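Here is the structure we will look at, set down as structure tokens.
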Amino acid sequence: MKAGAIASVLLLASACATLPGAAAAQDMLTPILVGTWITQNQSEVTIEPCEEGFCGYVSKVELPQEVIDKYGPERIAELQGDFRDVNNQDPALRDRPIMGMPMLVLTKEVNPTHLEGKIYNPQDGKTYDGFADIVDGNRIMVGGCVAWRTICDGQIWVRAPVIVADQTELDG
0 MKAGAIASVL LLASACATLP GAAAAQDMLT PILVGTWITQ NQSEVTIEPC
50 EEGFCGYVSK VELPQEVIDK YGPERIAELQ GDFRDVNNQD PALRDRPIMG
100 MPMLVLTKEV NPTHLEGKIY NPQDGKTYDG FADIVDGNRI MVGGCVAWRT
150 ICDGQIWVRA PVIVADQTEL DG
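In numbering that gives the first Met the number 0, the protein residues as written are 0 to 171.
Here is the structure:
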């Protein structure tokens with residue numbers, strides 16, 4: 000092999016050695032996924048790094064209209080926002096609060112914009128094979144699948160705006 004060819008191979012090898020590995024890819028996803036996301040029904044889920052990968056917790060509850068219609072606005076008002084996981088298939092979990100409840104665990108990065116894991120749906124009390132596709136820095140497609148991931152449905156979540164208090168609000 001000629002000296003020029005050897006230098007090219009060494010240059011290519013050193014460039015490949017600096018490509019991000021799996022840990023670096025996880026680090027690249029962190030700034031995109033981490034934060035609070037507004038769901039289709041205007042609830043909010045906060046996603047943060049966790050031991051399993053990325054975990055999402057309910058951080059704001061907005062009830063879907065069908066729930067309000069089912070129980071009536073008077074009963075909903077009586078609860079004063081203390082909504083419980085009454086549809087959970089596990090009777091032991093039916094009294095846990097929806098607020099702060101874990102509902103999304105993304106454990107497997109299939110590619111840099113697609114993660115898979117589990118997603119819990121408090122409307123039917125079931126856990127599904129889940130996924131999150133990064134659409135862009137402000138939108139993710141989150142969904143669940145059944146039948147060995149052959150039938151999937153999802154919705155776009157939009158990043159919640161970050162509200163920064165100005166100094167007069169902090170002083171007041």
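No residue lacks a Cβ here, since even glycine has one placed at the ideal position from N, Cα and C.
On a predicted model such as this, the values are computed, not experimentally measured, just so you know.
Report the rounded CA-to-CA distance for valine 8 versus proline 111, giving the unit in angstroms. For valine 8, the pLDDT reaches just 31, beneath the cut-off of 50, and the residue's location in the model is therefore unreliable, leaving the point undetermined.
In DSSP terms, what phenylalanine 53 is bridged to: Pro48 and Leu105
Is the region 86-94 in contact with the region 63-73, if contact means three or more CB pairs nearer than 8 Å? no
Quick test of your reading: glycine 142 and glycine 129, contact by CB under 8 Å. State the CB separation rounded to the nearest angstrom. 7 Å
My understanding is that leucine 103 touches isoleucine 46, with C-beta atoms under 8 Å, so please give their C-beta distance in whole angstroms. 7 Å
Per-residue burial, glutamate 73 [other beta carbons within 10 Å of its own, 16 or more giving buried]: exposed
Would you mind working out which of Ile75, Trp36 and Asp68 sits nearest serine 58, comparing C-alpha positions? Trp36
May I have the straight-line CA-CA distance separating arginine 83 from glutamate 108, to the nearest angstrom? 32 Å
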